[in-house]
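For reference, the structure is listed below as structure tokens.
2 protein chains.
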Amino acid sequence: MDWNLIRTFLAVVDEGSLSGASEKLGISQPTVGRHINELESSLGLTLFVRGRSGMALSEAGLRLIDDARAMAREAEKFALKAAGSSDNIKGNIRITASEVVSAYLLPPILCQLQSAEPDIEIELVANNHADNLLSRDADIAIRMFRPTQNDLITRKVNELSVATHASRKYLDNFGHPKTIADLSNHRLIGYDRDDLILRSMTALGIEGSREMFAFRTDNHLIYWQLLKAGAGIGFCANHLAKELGDIEPLLPELQIPNLPMWLTTHQELRTNLRIRRCMDFLGEALGKMHL
Amino acid sequence: MDWNLIRTFLAVVDEGSLSGASEKLGISQPTVGRHINELESSLGLTLFVRGRSGMALSEAGLRLIDDARAMAREAEKFALKAAGSSDNIKGNIRITASEVVSAYLLPPILCQLQSAEPDIEIELVANNHADNLLSRDADIAIRMFRPTQNDLITRKVNELSVATHASRKYLDNFGHPKTIADLSNHRLIGYDRDDLILRSMTALGIEGSREMFAFRTDNHLIYWQLLKAGAGIGFCANHLAKELGDIEPLLPELQIPNLPMWLTTHQELRTNLRIRRCMDFLGEALGKMHL
DNA sequence: CATAATGTGTTCATTTTTGAATATTAAATG
DNA sequence: CATTTAATATTCAAAAATGAACACATTATG
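These protein sequences, in sequence, are chains A and B.
Residue numbers for the first sequence follow my numbering, so the first one is 1 and each next one is one higher.
Residue numbers for the second sequence follow my numbering, so the first one is 292 and each next one is one higher.
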């Protein structure tokens, strides 16, 4: 029994198609198809119904996915522990962070890291969703929330101070809000599906809903472009506001709680020299920033 | 990451050498060596110390075997469940039983099974140690003790009546024991490392040790040859004594408990049509024998 | 200390697996 | 109903993995 066929099987289940799985696995679509055929004939089972759009699991296939997944979990554990045992400084390391952090905080720090550890190749994965450190989407994650998965080592390295901001252009056009209550007469910029702002407001005792925002976007870059262009009042990290220019802080009495910045890696990787060096360096560098 | 490399890794650990693993896996020794090299270089670890006699696990390798084993367990579960889903009557089936049962009870029954189910190929694995139905050493086991592994379906199909026997030749030479106490003045034939006889005797309230046997062997065929040749007094299933001829039952007052005969398969396989048919047939055929 | 036994490493021809290109199919769409 | 789209199957040349044979190393053993 070829264990790799089970891995391919699982990828096809997860992606829903041979072509999707081929991309995920980094092998060609014909090969994925052949793997599935081989698995089916070696088990004497029909695992998929070759249907209208892609591959749908058959009943027999359905019965097997839990075991296949369990096997994949153990494979992940194996790979993690193996990576943790490596004391080789040479190699690459994957760091993940939100788009904002990746774009505005990390570049200079990673340059210094590069100089300090020339043997380490650094991959930066910028995205806003929580990734799975267990399946090694990344080795190190920098997030604005404390990761909840088990077996992780988390360390709070800094805090981002946030305040209400608007561009001078907006303030010239629509006036300066004097009180928090004033905000309801202004145009606000918010997130669309991300409920970070709404949750923060609820925590501050201010009720609100998605509809209160005149502009909504989940793309932070566009958010600031809207802010800069004078589309409305929004929330922005203070260090970023300085960098963007043209934007003024408002309502100092609206104390928005700082956003914590967490540096995270998997427990198994703490013994990996390369990752330990990077963790220490990033913790030091991020920690001494004035945000 | 190639999952098959982990399977090879585990085989080398279990067998202690590349050549041993190659035999176990049914691949050539150079291939096993290449797999290990590839795994080591892809993990950046030295898993084995290539030593004087075979491959000894390194510290890093030692840390990984538990996870590798866990993965193998899940692979077994997957394969079991897959086999259980098969409703294909064509195919082969592995039956395991003790050498005695394999040699004296099963042949005629398996011939009938062959006629009744011509599409099923039957493999008979004769050995005296408990095999691992979980790892599919066999699909169906016939044992004289109730298997203890979990997730097995066990069914008691018959009992073997056993009595003390000796050949006429022995009785002519050494006389007929009249009472149980008399036995201590006779030559007894016993097992060597197998303690079945001793345990049975303890259960009957008779104390004894290996040393009380004038002849000791674990090979049942040789046991009976000794019995037939008049080497001593021994224990023998009644149906077998008739078949062997020349052997007489002794001491009817020494009531030896019957040996139960258990028919066993793995729970996951109960839904496999082929195995279900064989189980039913064997249960019926073994059950109606007069033993 | 030669020899047998046992194990790993190497070479090369063969077999197997793979991927690029392409054909094919079926549903969705205008 | 033709067209687009998104998927699976097929073909064939190239790449990779494999095994047989053999070289080499080490340990028992007489």
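Virtual Cβ for every residue (Gly too), placed ideally from N, Cα, C.
- The straight-line gap separating the alpha-carbon atoms of Thr493 (chain B) and Leu301 (chain B) is approximately 41 Å.
- If only complete runs of 4 or more residues are kept, the region 201–263 of chain A shows the alpha helix (DSSP H) at 220–229, 238–244, in order along the chain.
- By alpha-carbon distance to Tyr461 (chain B), the top candidate from B:Ser500, B:Arg354, B:Ile411, B:Gly525 is B:Gly525.
- Contacts with chain B at 8 Å (Cβ-Cβ) do not include Ser102 (chain A).
- For His456 (chain B), the number of other beta carbons within 10 angstroms of its own is at least 16, and it is reported as buried.
- Contact check for Asn128 (chain A) and Glu99 (chain A): beta-carbon distance about 6 Å, within the 8 Å limit, so the pair qualifies.
- Ala229 (chain A) sits exposed, since fewer than 16 C-beta atoms from the chains shown fall within 10 Å of its C-beta.
- In this structure, Val453 (chain B) lies near Ala528 (chain B), with their beta-carbon atoms less than 8 Å apart.
- Proximity of the region 550–564 of chain B to the region 430–439 of chain B meets the contact definition, three or more beta-carbon pairs being nearer than 8 Å.
- Looking at the DSSP output, Phe339 (chain B) sits in a beta bridge with B:Leu348.
- Along the region 73–90 of chain A, going in chain order, the ones with a CB nearer than 7 Å to a CB of chain B are Glu74, Ala75, Lys77, Phe78, Ala79, Lys81, Ala82, Ser85, Ser86, Asn88.
- Taking the beta carbon of Asp293 (chain B) as reference, the chain A residues within 7 Å of it are Asn4, listed in sequence order.
- Residue B:Arg385 holds the alpha-carbon nearest to the alpha-carbon of Val416 (chain B) among B:Arg385, B:Pro438, B:Thr439.
- Around the beta carbon of Ser22 (chain A), 16 or more other beta carbons sit within 10 angstroms, so the residue counts as buried.
- Nearest CB-CB separation between Leu301 (chain B) and chain A: not below the 8 Å threshold.
- Assignment of alpha helix (DSSP H) within the region 69–129 of chain A, counting only whole runs of 4 or more residues, yields 106–116 in chain order.
- Taking a cut-off of 8 Å on C-beta distances, the region 70–77 of chain A touches the region 357–369 of chain B, as three or more cross pairs fall below it.
- Leu334, Gly335, Leu336: these are the residues of the region 305–337 of chain B whose beta carbon lies less than 7 Å from some beta carbon of chain A, given in chain order.
- Secondary-structure assignment with DSSP links Val453 (chain B) through a beta bridge to B:Ala528.
- Under the three-state reduction of DSSP, Arg561 (chain B) is assigned to helix.
- Non-local C-beta neighbours of Leu273 (chain A) in its own chain, meaning closer than 8 Å and more than five positions away in sequence, comprise Ser86, Asp87, Asn88, Ile89, ordered along the chain.
- Taking 8 Å as the cut-off, the beta carbon of Cys278 (chain A) is found closer than this to the beta carbon of Leu113 (chain A).
- By the C-beta criterion, the region 533–541 of chain B is judged to be in contact with the region 509–520 of chain B, since at least 3 inter-stretch pairs fall below 8 Å.
- In the structure shown, Ser458 (chain B) adopts extended strand secondary structure according to DSSP, grouped into three states.
- Taking Glu331 (chain B) as the centre and dropping the five residues before and after it, the same chain places the C-beta of Thr337, Leu338 closer than 7 Å to its C-beta, in chain order.
- Here Glu268 (chain A) has Leu80, Lys81, Gly84 as same chain residues with Cβ atoms under 6 Å from its own Cβ, once five neighbours each way along the sequence are excluded.
- Under DSSP, Gly481 (chain B) forms a beta bridge with B:Arg507.
- Glu207 (chain A) and Ala181 (chain A) have their alpha carbons spaced roughly 12 Å apart.
- The C-beta of Arg7 (chain A) comes closer than 8 Å to at least one C-beta of chain B.
- The beta carbon of Leu443 (chain B) sits closer than 8 Å to the beta carbons of Leu424, Thr555, Thr556, His557, Gln558 from its chain, once the five residues preceding and following it are set aside; these are given in chain order.
- Assignment of Lys579 (chain B) by DSSP, reduced to helix, strand and coil, places it in the coil class.
- Counting other Cβ atoms within 10 Å of its Cβ, Thr439 (chain B) stays below 16 and is therefore classed as exposed.
- Note on geometry: alpha-carbon atoms of Gly20 (chain A) and Val12 (chain A) lie some 7 Å from one another.
- In the three-state reduction of the DSSP assignment, Ala138 (chain A) falls in the coil class.
- Here Leu355 (chain B) has no same chain residue with a Cβ atom under 6 Å from its own Cβ, once five neighbours each way along the sequence are excluded.
- If the five residues before and after Asn549 (chain B) are omitted, its C-beta is found closer than 8 Å to the C-beta atoms of Glu450, Leu451, Ser452, Val453, all from its own chain and listed in chain order.
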